[in-house]
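Student:
Numbering (the working numbering), first residue to last: 6 to 278.
#1: Nearest CA to the CA of residue 99: which residue from 75, 258, 201, 116?
#2: For residue 150, which beta-bridge partners are listed by DSSP?
#3: My guess is that residue 179 and residue 207 are in contact by the Cβ rule of under 8 Å, so how many angstroms apart are they, rounded?
#4: So what does DSSP say about residue 258, is it helix, strand or coil?
#5: Going by DSSP in three states, residue 133 sits in which element: helix, strand or coil?
#6: From the DSSP output, in three-state form, read off residue 234 for me.
#7: Just to confirm, is the Cβ distance from residue 24 to residue 56 under 8 Å?
#8: Leaving aside the five residues before and after residue 274 along the sequence, list all residues of the same chain whose C-beta is less than 6 Å from its C-beta, in chain order.
#9: In whole angstroms, give me the CA-to-CA distance for residue 77 and residue 181.
#10: What residues in its chain sit with their C-beta under 8 Å from that of residue 92, if we drop five residues either side in the sequence?
#11: Whole-angstrom Cβ separation of residue 48 and residue 227, contact assumed at under 8 Å?
#12: Could you pull the start and end residues of the alpha helix (DSSP H) that residue 189 belongs to?
#13: Just to confirm, are residue 237 and residue 258 a CB contact at a threshold of 8 Å?
#14: Using a Cβ distance threshold of 8 Å, determine whether the segment 156–169 contacts the segment 182–196, with at least three qualifying pairs required.
#15: Is residue 21 helix, strand or coil by DSSP?
#16: Taking the C-alpha atoms as reference points, what is the distance between residue 70 and residue 9?
#17: Do the CB positions of residue 164 and residue 152 come within less than 8 Å of each other?
#18: Between residue 277 and residue 146, what straight-line distance do the alpha-carbon atoms span, to the nearest angstrom?
#19: Between the Cα of residue 279 and those of 132, 72, 131, spot the shortest distance and give me the residue it belongs to.
#20: Whole angstroms are fine: how far does the CA of residue 156 sit from the CA of residue 106?
#21: Just the C-alpha distance for residue 124 and residue 269, rounded to the nearest angstrom, thanks.
#22: Secondary structure at residue 168, three-state DSSP: helix, strand or coil?
#23: Can the beta-carbon of residue 235 be found closer than 8 Å to that of residue 256?
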C-alpha cells in the first residue's frame with residue numbers, strides 16, 4: 006500500500022507537477038514557433054515527459070506512466086521531423102498534459118482515471134505507433150550492450166545472459182564505462198543498452214551516468230534518445246532510485262538481478278523481441 010504522505014512520494018509528485026507546468030509552457034512556445042523546430046526546447050519538453058514517466062513507473066502509477074509515455078512519443082515525432090506541430094496537434098498534447106497534472110494532483114486515485122480519450126487523440130496525432138522512434142533501430146541488428154560491474158560473479162552472470170541477445174562489452178568501474186562510451190561515440194557507434202552498477206570503485210555509477218549523458222549531448226544525442234540505462238545495486242534504497250531517475254536512467258534493478266525482469270526491461274525498450 007502506497008504511503009501518500011511519504012516524503013519521497015511527495016517529492017516525486019511535486020517534481021512532476023513542476024515538470025508538467027514547464028512542459029505546458031514549452032508546448033505553447035513550440036506552437037508559436039510553428040514549423041521552426043527548436044531542438045533545445047524540444048529536448049527540455051522531452052525531458053519533462055520522461056521524468057514524469059520513469060518516476061510513475063517506479064511508484065506503480067500506471068495510468069500516469071502510460072499517458073506520459075505517449076506524450077513523449079508525440080514529442081519525439083516532432084523532434085524527428087515526422088510531425089509538424091500544428092495548433093490542432095499541440096492542443097491535443099496540451100490536453101494530455103493537463104490531464105497528467107490533474108492525475109498527479111490526485112495521484113492516489115490516478116490508476117482509476119479513464120485515459121482512453123487522451124490516448125486515442127494522441128494516437129491519431131502520432132499515427133501508427135509501430136513507427137515510433139525507439140523502434141527505428143534496425144531490428145535485424147543485435148543491440149550493443151555495455152555492462153559496468155565490479156563484482157566478478159555478478160559480472161559473469163550478467164555477461165553470459167546479455168551475450169545471448171547482443172554484443173556485450175565489459176567495464177569494471179565507472180571510469181572504464183565512461184571511456185568505453187567516449188570511444189564508441191568517437192567511432193560513430195552507440196551503445197543501445199548500459200547496465201550500470203551504482204556502487205563501484207574509481208567512479209560510482211551515478212557519476213558515470215552523468216558523464217555519459219554529457220558525452221551523448223556533446224555528440225548531438227538527447228538523453229531521451231540515447232542509450233537505455235538500467236541501474237543495478239545491492240542497496241535496496243528508494244532514495245537511490247529517485248536520484249538515479251533524476252539523472253536520467255531508464256530503469257532500476259536490485260541485486261541479485263532477476264534475469265526475467267532484466268529481459269522484460271529489454272523488451273520494453275524494444276531492444277529484443
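Using N, Cα and C, we set each Cβ at its ideal position, and we do this for glycine too. Quantities reported herein were computed from a predicted structural model and do not represent experimental measurements.
Tutor: Once the coordinates are examined:
#1: Position 94 of the chain shown, counting from 1, holds the residue named residue 99. Residue 99 has its Cα closest to that of 75, out of 75, 258, 201, 116.
#2: Numbered from its first residue, the chain shown carries residue 150 at position 145. DSSP, once it has assigned bridges, lists 173, 198 as partnering residue 150.
#3: Locating residue 179 in the chain shown gives position 174, counting from the first residue. Locating residue 207 in the chain shown gives position 202, counting from the first residue. Rounded, the Cβ-Cβ distance is 6 Å, consistent with contact.
#4: Locating residue 258 in the chain shown gives position 253, where the first residue counts as 1. Three-state result, residue 258: strand.
#5: In the chain shown, residue 133 corresponds to position 128, counting from 1. Here residue 133 scores only 43 on pLDDT, less than 50, and its place in the model should not be relied on; the value that follows carries that caveat. Three-state result, residue 133: coil.
#6: Within the chain shown, residue 234 is the residue found at index 229, counting from 1. It is a strand residue.
#7: Here residue 24 refers to the residue found at position 19 when the chain shown is read from its first residue. Here residue 56 refers to the residue found at position 51 when the chain shown is read from its first residue. Their beta carbons are under 8 Å apart, which means residue 24 touches residue 56 by this criterion.
#8: As a first step, residue 274 must be located in the chain shown, where it is residue number 269. Within the same chain, residue 274 has close Cβ partners 233.
#9: As a first step, residue 77 is located in the chain shown; it is residue number 72 there, counting from the start. As a first step, residue 181 is located in the chain shown; it is residue number 176 there, counting from the start. So the two alpha carbons sit approximately 32 Å from each other.
#10: Sequence index remark: in the chain shown, residue 92 carries index 87 (1-based). Closer than 8 Å at the Cβ level, and outside the excluded window around residue 92, lie 36.
#11: Counting from one through the chain shown, the residue named residue 48 turns up at place 43. Counting from one through the chain shown, the residue named residue 227 turns up at place 222. Contact holds; Cβ gap of about 5 Å.
#12: Here residue 189 is taken as the residue at index 184 of the chain shown, counted from 1. Segment 179–191, the alpha helix (DSSP H) holding residue 189.
#13: As a position in the chain shown, residue 237 is number 232, starting the count at 1. As a position in the chain shown, residue 258 is number 253, starting the count at 1. Yes, the Cβ-Cβ distance between residue 237 and residue 258 is below 8 Å.
#14: no
#15: Counting from 1 along the chain shown, the entry for residue 21 is found at position 16. The answer is helix: DSSP assigns residue 21 an H, G or I state.
#16: As a first step, residue 70 must be located in the chain shown, where it is residue number 65. As a first step, residue 9 must be located in the chain shown, where it is residue number 4. Rounded to the nearest angstrom, the two C-alpha atoms are 17 Å apart.
#17: The count along the chain shown starts at 1 and reaches residue 164 at position 159. The count along the chain shown starts at 1 and reaches residue 152 at position 147. Yes; because the gap between Cβ atoms is below 8 Å, this pair is in contact.
#18: Numbered from its first residue, the chain shown carries residue 277 at position 272. Numbered from its first residue, the chain shown carries residue 146 at position 141. Cα to Cα, the separation comes out at about 10 Å.
#19: Outside the modelled stretch of the chain, which goes from 6 to 278, sits residue 279, for which no answer is possible.
#20: Reading the chain shown from its first residue, position 101 is the one you call residue 106. Reading the chain shown from its first residue, position 151 is the one you call residue 156. In a straight line, the C-alpha of residue 106 is about 42 Å away from that of residue 156.
#21: Your numbering for residue 124 matches position 119 in the chain shown. Your numbering for residue 269 matches position 264 in the chain shown. Each residue's Cα considered, the two are about 23 Å apart.
#22: Position 163 of the chain shown, counted from the start, is the residue given in the question as residue 168. Note: residue 168 maps to coil in three-state DSSP.
#23: Counting from 1 along the chain shown, the entry for residue 235 is found at position 230. Counting from 1 along the chain shown, the entry for residue 256 is found at position 251. A contact, by the Cβ cut-off of 8 Å.
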